[in-house]
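**Student:** Going by this note's numbering, the sequence shown opens with residue 37, and the numbers climb by one from there.
Here it is, the structure in full.
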Amino acid sequence: MKKKRTIYESAIIENALDVIFGQSDAASAIHTVLGMLGEHFSAGRAYIFEDGIDNLGGKNTYEWCAAQVAPQEDNFKHVSYKDVLDCPISELFEENSVWYRSDLSKMEDGPLKELLLKQNIKAVILVALFEYGDFVGFIGLDFCDAPKELSSEQIEILRVMAKIIFYVILGLV
37 MKKKRTIYES AIIENALDVI FGQSDAASAI HTVLGMLGEH FSAGRAYIFE
87 DGIDNLGGKN TYEWCAAQVA PQEDNFKHVS YKDVLDCPIS ELFEENSVWY
137 RSDLSKMEDG PLKELLLKQN IKAVILVALF EYGDFVGFIG LDFCDAPKEL
187 SSEQIEILRV MAKIIFYVIL GLV
């Protein structure tokens, strides 16, 4: 009987660690790993938003886009959470640090849905980044071709990758 691989044995995690430990420039490693994530999950965009010091907004600090997807990094240098959410952004992640909508057409109407649909996003997953229990940002994948169902294993891989990438940002790796 073939042994089932655990998420920690996942090829994407192994390959990402090879990139991170093989490059001396953290920013290049992060961009490369975001591209690997985007391609692995067939996403149109993979990105990192870092929370502002005031916790009232954030900015897109890293982004990878598939060939047919327009970059948004320059459009999101400062995003006011109040403009797109009815709650503090950290509340999106209170239950399990992941905010996932497999089909945005079924999402409740509001400024966030409007913002995402305006970018032609069909599905989205955001994985929160925490430092000492405080929300400091998130890693996101946008799916622009069609709604996207992710398995619990895929979501767990994204959680692990979010932690790894955050350690790179902090300079701990």
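Glycine included, every Cβ here is placed at the ideal spot set by N, Cα and C.
Compare the C-alpha of Ala198 against each of Arg137, Asn156, Lys184, Glu167 and name the closest.
**Tutor:** If we check each option's Cα against that of Ala198, Glu167 comes out closest.
**Student:** Give every residue of the same chain whose Cβ lies closer than 7 Å to the Cβ of Glu159, excluding the five residues on either side of it in the sequence, and list them in chain order.
**Tutor:** Checking the sequence, you will find Ala at residue 159 rather than Glu. Correct list, in chain order: Arg137, Ser138, Asp139, Leu140, Phe179, Pro183, Lys184.
**Student:** Where in the stretch 131-206 do unbroken runs of the beta strand (DSSP E), each at least 3 residues long, occur, reported from the N-terminal end onward?
**Tutor:** Complete beta strand (DSSP E) runs here, min 3: 134-137, 159-167, 170-179.
**Student:** Of the residues Tyr117, Phe174, Ser133, which one's Cα is nearest the Cα of Gly146?
**Tutor:** Comparing Cα-Cα distances from Gly146 to each of Tyr117, Phe174, Ser133, the minimum goes to Tyr117.
**Student:** In the DSSP assignment, find the alpha helix (DSSP H) that holds Asn51 and state where it starts and stops.
**Tutor:** 47-58 is the span of the alpha helix (DSSP H), which, as asked, contains Asn51.
**Student:** Give the single residue among Leu70, Val134, Ala62, Ile125 whose Cα lies nearest to the Cα of Ile49.
**Tutor:** The shortest C-alpha separation from Ile49 is found at Leu70.
**Student:** Using the three-state DSSP reduction, which class does Gly88 fall into: helix, strand or coil?
**Tutor:** Coil, per DSSP.
**Student:** Under a Cβ-count criterion, where at least 16 other Cβ atoms within 10 Å of its own Cβ denotes burial, should Ala52 be classed as buried or exposed?
**Tutor:** The residue is buried, with at least 16 neighbouring Cβ atoms inside 10 Å.
**Student:** For Gln59, which residues of its own chain have a beta-carbon under 8 Å away from its beta-carbon, when the five flanking residues on both sides are left out?
**Tutor:** Excluding positions up to five away in sequence, the list reads Ala65, Thr68.
**Student:** How would you label Phe57, buried or exposed, when you count the other beta carbons within 10 angstroms and need 16 or more for buried?
**Tutor:** Label assigned to Phe57: exposed.
**Student:** Here's the rule I'm using: 16 or more other beta-carbon atoms within 10 Å means buried, otherwise exposed. How should Ile89 be labelled?
**Tutor:** Counting Cβ neighbours within 10 Å, Ile89 comes out exposed, since fewer than 16 surround it.
**Student:** Within the continuous beta strand (DSSP E) that includes Lys113, where are the two ends?
**Tutor:** Counting along the chain, Lys113 falls outside any beta strand (DSSP E), and DSSP gives it neither H nor E.
**Student:** Between the beta-carbon of Ser46 and the beta-carbon of Ile193, is there less than 8 Å?
**Tutor:** Yes, Cβ-Cβ distance for Ser46 and Ile193 is below 8 Å.
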